[in-house]
Structures are given as structure tokens and as C-alpha cells.
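In the UniProt record's numbering, the protein residues as written are 1 to 894.
In C-alpha cells:
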């Protein structure tokens, strides 16, 4: 299997991207070019990251013969499972994917998406690897442990202990045992002996062999089936066992509890005929690598080519003028003796001043032109960014932290530095070529040495580009990750203080800051080292050029010019090196900032939203046909078949995590079916049709954003132009009149960031008021719409909402099971499936009904728990506390 010696560095762009980044590195290193951005979309990465099952499936579908397995940690060094995806632990102890690329001697090359490529020893790998425990078939484990791969691990362990005599006897004893116990005992005995040897508690050779034999025999007795399970492993501690007894499976077969490292091994590449193609995976393989500078060049061409052409011509003129300036200064040494008259000397001085002024004008015009070009470029990129964001898929935003997106938006300004950076590089290269031409003109016999000096000065920085680019990208990624802590601290300051989480947040930030500092020092060391080597080599070659000229042509006048130009070669090379070293930083900034520009767009966002035909009824007919939804490798909806007629008022109930909100999210486009199809009014819910349905939907959810604008602007947000006349009715229906009277400026009062000026219950009523402004909606989605309100008010607002949308199709997700008896229909969900569906009366009369059981449990809780005498009843109203029975419509926190 062909692979590179060094694993390609792919740095994760946000905190939950280690899985897609590691898989991209693995594919690229095995000569399967993959787009990190498209692979991230195919992984359906969410806030909880990507599962290892998803990574294994995608690796197989993209052309790798990959297999997920679990291995004892020491088998990683004894065998050869590389390359593989390995699950390690981050500083907080959470699972983190890395690429274990290859082993060289006692060190392993890792590509860590959070830190970059590095080499570590086995002890470090063992301490950071995530250890997983899972039951497996005893027969399967016995077959694997007797395999050739496992035997190599045993041989390596014996060799480390220096055990030769008795080795064959122990292995044969384990082979003769048809059960798993002897092999498990031998494995544990060897591991414990190696641990003691590492701590100098025993010596290699006979002492280690005696200990292994003794531990092996005692461990077999401990694992005897006649001994109770809780009494086993008394001789060897649990930490040294990779296989221990486990309860039998549901079929009654014997199982062992296996613990070890979880990895996805790559056994080879699959043939193209075996690949299972899909549009998303085709995009992963077809997407060209990002070229941000080419994208910027395309933007520059929109202004025409006249401006850049004039700038290039002025640069060439300025560069040639610099060479002419040096020749003129050299000529003054000889012509000064010939200009005897004062008038001649003044005329010569005036001509020199005019030449210098012309060169200054050229320099100023070039500098002003590239600065102006940079400002235009930044403006165009910002416009492209702002026009792209509304067309991005919803999943793009759901899978990225808000801090990461904010950092990208604010990191666009460095793009204005690209034209000046390119201008400096181009000018330095042109000057170097002119200087080299002048040196060869002065000393043609040293042309080879001069060419070598020029080549070293120019080629050195480009050879170092890859190394410096990887280091700089690492710094930029950590810089973006650090911004999350500042935003989290600002948005969640009160919860952090309330829960005493300052220390935990500080530790996590300190770990990231340490990695950022380490990456910065690594980049600085590389830059300084390249700079020093460049200077030493360039200066040495310049001295050799001068020395060669002194040997065969010691002409004094030309000598001064040759020394000046020869010393300019390393200086210009230094300038090229410094400018070139800035290129990785600039490119990586552009990659991070422009990454959204290459993201997939919503088909419906780029298409015009058709108006609702006049002959369409003011409600929506919805059909779910065998719909399944997967996110981050987890199935959140499974085989949903459902038909909701027009005008039906449907209540959706179930335990937390049952899939209720995911069902509603399908109608809004937050999720897309992994299989099956959703139809609204007989048309598939995608493309322009999804956009139209969204425009005809009223959605009330606690996650709906309240803006830092006036109450009036928040209520009118998203309302149609003919909705202004309903304001008085909306305020009454949403019970907002009291809030308007209390606010200092009434409807013109600014609500603060996220609606901080209003309570949680008042914010929910503002969200309801915003939805009521869309009275002509055909579809109404109430997802825990009145959470935070008291029971009586929740009931009243649900009833009022249904009265305001009598003909619309209404889906109400709620935990108030007792309040769903008045709905046309009730849907009970559990573990992503629809388990009951019918009218409330049908479900209540059905034997073994979950809905009936939920109703009884809800009533019992209110009767036996909430009405218990142990509770003190404190009512908060208008900021006053009173200990009395709560009256109707009282709201906690009002």
C-alpha cells in the first residue's frame, strides 16, 4: 500500500472537526485526494462531533479497505496496525481522533488535527489513548488471540522481558486450552511483568521468566469457572487484563469484556468498482484543493486589467531606475573630474535630483496603487462573504460554533495586505534579476557563481514554504479556537459563575493557550532558522563573487559597483525570504476567512420563492414516507411513516430525546432525510418548495432569537407588509399589553442582547406575538413554545394559538401530556420512532397504551408530588414575594 513518509497535516477548523480532519489526512496520505470541507459535510458533523462508525463507513465508501477494531494498547507497538485512525483523549478527557501514521523504531508519527504532525514515544501514546470496554464473543476473541498477529505481540513481550527458556511451554499451554482463559491469563501476566520491569522492580531474564510463569499459573486458577466472578483476578490487578469474564449474551453465548484502544485500521485500497458513490462523496473526491489567491485574482480582474498593468509597468520602471541610479552614482566617480565649471556641476546635480524625484514618484505611485487595490479587494471579499452567508445550508451553521463564525467574519481585513505583499515580492525578485544581470555584465567569468548565489537566494524560501505553512496554519487554528473562550465567557458569564465553572473553563483555555504558544514558538524557531541559514549562505556566496573578481579583474571603479551589487544579492534574498515566509500566514488567513465561500449552498436559497397559488387551500398536507435521519453517526429518526391531513391539529409527545423536535426540524429544513422523503402538498420538501413552505410557516420555539432592537421591531420581524394593522390584536392574544405598559418606552423599548430586558416567560410571549403577526400561515409549528410559563397560562396560550390558526396545519411538541386531550390527533414518539398515533380517545381506550400511561403518570405527579404539603408556595408578582397559594396566571419570575 503506497503512502507518504509524512502524514499530510490537516488542522481542524473548529473544535468538533477532528474526525473529518483526521480522515482527510488519512485519505490524502494514501493518494486519495479529498476535500476537507466536503468531507466535513458528508460526516454531518454536529456539536457532539463525528462518530467512529461514520468515519469507518466513509473511509470504506471513499476507497479504503478499513476495519474498526479494538486492540490491547501494547499491541499497537508489537504489531503493525498503521496507518489507522486512533481515538485518544484531549486535555479535558474527551475522545479525540488522530492519525497514527507509521512507526519508526520506538517512536510513532501522529497527525493530530488539533496540534499538527508530531513524533511521540510509546509511553506518551499509552497515556493519551482512550481505553474502551465492550463485550465480545468469547469464541471470536479466542480465535483472534491465537492468530499470527497476536502471536507476534506475545513474542515482542517475551523479548522485552528477556524470556527465552520456558517461553514455548507457556505459549503451548495457552494453545492447548480451548477456552479463552489461558490466553487472557498469559496476556495479563506478560503485561504486569513488563510494568514491573519498567519500574526496575524485576530484572530481565530468569527472574522475569519465573514471575511470568507464576503469574500465569495463578491467573488461570483465578479464572476457573467454578470461582465466582467477583472473586477473580485477585492476583493480577484489573488494569493489566485485556479480556475478563462478562455476562452471557441475550442468546446465552459466552462473552468476554474486552478493553483496549479503538481504531479504524486501513488494510489497503479498494477497487473503483466496489465504491458506493453518492453526490456528497463524489463532491469529496472531485472538489479541487482550495486556492485562495486564485480566487482573489478573479476578484481583481473584475476591476479590469488596466490598473494592474500600469502598476506592473511602474514597478518595472522603478526597478530599472534603481539599476540606472547605481550606474549613475558609479559614473560620478569618473565624471566629477571632467566637470570643472560650477555651471556644469550644478547641471549635473540638477539632473541627478530629477532622476531621484522621478524614481520617488514611481515608488509612491506603485505603493498607492497596491494599497488601493488591497482596499478594493477587501471590499469585494466582504460583499462576497455577506452575499454567500444567506445561501449556506442550515447544517453549516449548526455544525460550527458561533465564535468560529464570528472569528472568520472579523478576520477578513488582512486580505488588504495581499497586494502590497505581492508587490514587495515581485519587486525584490525583479531587483535581484537586474542585480544578477549587472554582476554578470561586470564579471562574465563568474557567471556560474553568480547564478548559484541568485538560485540559493530565491529557491531557499520556496523549499521552506511547506514547513512554514503547516506551522502557521497550526497557529491560526489555535488562535481561532481561543476566540471561543472569550465569546463563551461573555455569553455564559452568569451560568459560569453560578455553577463555579471558572476553574474548569480556565483550565481548558490554558491548555489551548499552551498549544497556541507552543505552535507560535515552533513557527518562530523555523522562521529564524531559515532566515539565519539564508543570510549565512548568501553572504558567503557574495564574498566569493567579490574574491573571484579580485583575482582576475581588479578594476577600482567597477570594483565598488560589484561589491555594492554582490552584497545586495543576500540582502534581496533576505527580503524575498521574509516576504515568502509571510505568504503561509496570509494564505492560511485567507483559507479560514474564505472557507464559507466554498461551502455547499442551499438549492432553495439561490432560487426565487414562488408565490402561493390562489387555488391552494390555506393549510398544508404533510406526508413522511419511510423517513430516517442521521446526524454525527447517530440515528435520530428511524423509519417514520406518517400522513397529516390539511388543517389537522397534531400534538407530538414523548420522552426527552425521543425525536419530537427532529420531526419538526425536518419541516423547516434543519435536517435532511438520510433515506425516505417528506412531501408537503404532494411535492418533495426540498429546493424552492422548501423555501416556499418556510415562508408560509409560523414557528415558535425557545431558540428563536430575540434581537437587540425595539419590542416593535422584534414583533414585526419577518412579518408580511400587510400585518401592521394586527398589532393591537397580537398584543392582546400574546398577553403582551402588561409588558408594554411596564417597559419605559413601550413598544419602542430596546429588549437588549437576546432579549435580556424581559424574563424568560415574557420572551416566549414575544416569540408567540411574532408568529401571530403571520396570521395567514398554512403551517404552524409550536416546539415547547411556552416553556417557562405556569401551567394555566401555557394551556390558555396553546388554546388561543389554535383559535387564531383554525384552518392551518398545527404541530405542537409538548411535555404537557394532559393538555393534549383536546387535539385532533396525538403522536407518541420513542427513540426516533412513531410508536402510537391516533385521536386522544382512541389512545386512551387502547390496552397497554403509552399515551394513557403518560397521562396517568402526569396526573399522579401533580396529585402526589406538586400538591404535597411539604412544599412552600411562594408567589412572585410585580417584583413582590408573598407566601400564599399561587393564583391563576401567576408566572414565576414575572
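A virtual CB, placed ideally from N, CA and C, is assigned to each residue, including glycine. This structure is a prediction, so every number in the text was calculated from the model and none was measured.
- Checking the DSSP bridge columns, you'll see residue 111 partnered with 99, 117.
- For the pair of segments examined, the region 801 to 813 was found to touch the region 772 to 783: the number of CB pairs separated by less than 8 Å reaches three.
- A direct Cα-to-Cα measurement between residue 644 and residue 853 gives close to 24 Å.
- Taking 9 Å as the cut-off, the beta carbon of residue 40 is found no closer than this to the beta carbon of residue 8.
- Look at residue 409 here: in three-state DSSP terms it is helix.
- Secondary structure note for residue 503: it is in no beta strand (DSSP E), and the uninterrupted alpha helix (DSSP H) holding it is 502 to 552.
- Scanning the region 689 to 714 from its first residue to its last, the whole beta strand (DSSP E) runs of 3-plus residues come out as 697 to 700.
- When rounded, the separation of the alpha-carbon atoms in residue 468 and residue 534 is 15 Å.
- Here residue 137 is bridged, per DSSP, to 255.
- Counting along the chain, the unbroken beta strand (DSSP E) around residue 679 starts and ends at 675 to 680.
- Residues of the same chain with a CB within less than 8 Å of the CB of residue 144, apart from the 5 flanking positions on each side, are 150 in chain order.
- In the structure shown, the three-state DSSP call for residue 789 is coil.
- Cα atoms of residue 383 and residue 303: separation of roughly 15 Å, rounded to the nearest angstrom.
- In this structure, DSSP gives residue 837 an extended state, which the three-state scheme calls strand.
- Residue 819 has its alpha-carbon roughly 21 Å from the corresponding atom of residue 769.
- By the neighbour-count definition (other C-beta atoms within 10 Å, threshold 16), residue 536 is an exposed residue.
- In the structure shown, residue 376 adopts helical secondary structure according to DSSP, grouped into three states.
- Taking a contact as a CB-CB distance under 8 Å, the pair residue 355 and residue 318 does not count as one, their CB atoms being some 12 Å apart.
- Bounds of the alpha helix (DSSP H) holding residue 661 are 660 to 668.
- In this model, residue 641 and residue 647 are separated by some 19 Å (Cα to Cα).
- By the Cβ test, the region 427 to 446 is not in contact with the region 66 to 83, since fewer than three Cβ pairs between them sit closer than 8 Å.
- Sequence-distant partners of residue 482 (beyond 5 residues in either direction) whose C-beta falls short of 8 Å from its own C-beta, in its chain, are 509, 512, 513, 516.
- The Cβ-Cβ distance between residue 97 and residue 27 does not fall below 9 Å.
- With contact defined as three or more Cβ pairs closer than 8 Å, the region 284 to 301 and the region 168 to 186 are not in contact.
- For the beta strand (DSSP E) assignment, the uninterrupted runs of no fewer than 3 residues enclosed by the region 826 to 872 are, from N- to C-terminal side, 833 to 838.
- In this structure residue 486 is exposed. Its beta-carbon is surrounded by fewer than 16 other beta-carbon atoms within 10 angstroms.
- In this structure, the beta-carbon distance from residue 58 to residue 281 falls below 9 Å.
- For residue 626, the number of other beta carbons within 10 angstroms of its own is below 16, and it is reported as exposed.
- For residue 10, same chain residues with a beta-carbon under 8 Å away, outside a window of 5 residues either side, are 21, 22, 24, 25, 28, 36, 111, 113 in chain order.
- For the pair of segments examined, the region 751 to 761 was found to touch the region 697 to 717: the number of CB pairs separated by less than 8 Å reaches three.
- Taking 8 Å as the upper bound for CB-CB distance, residue 816 and residue 794 are in contact here, some 6 Å apart.
- Per DSSP, the unbroken beta strand (DSSP E) holding residue 245 starts and ends at 243 to 246.
- Judged by DSSP in its simplified three-state form, residue 237 adopts coil rather than helix or strand.
- Proximity to residue 691 across 702, 700, 666, 709 peaks at 666, based on C-alpha coordinates.
- In the three-state DSSP reduction, residue 775 falls in the coil class, being neither helix nor strand.
- The C-beta distance from residue 219 to residue 188 rounds to 6 Å, short enough to meet the 8 Å contact threshold.
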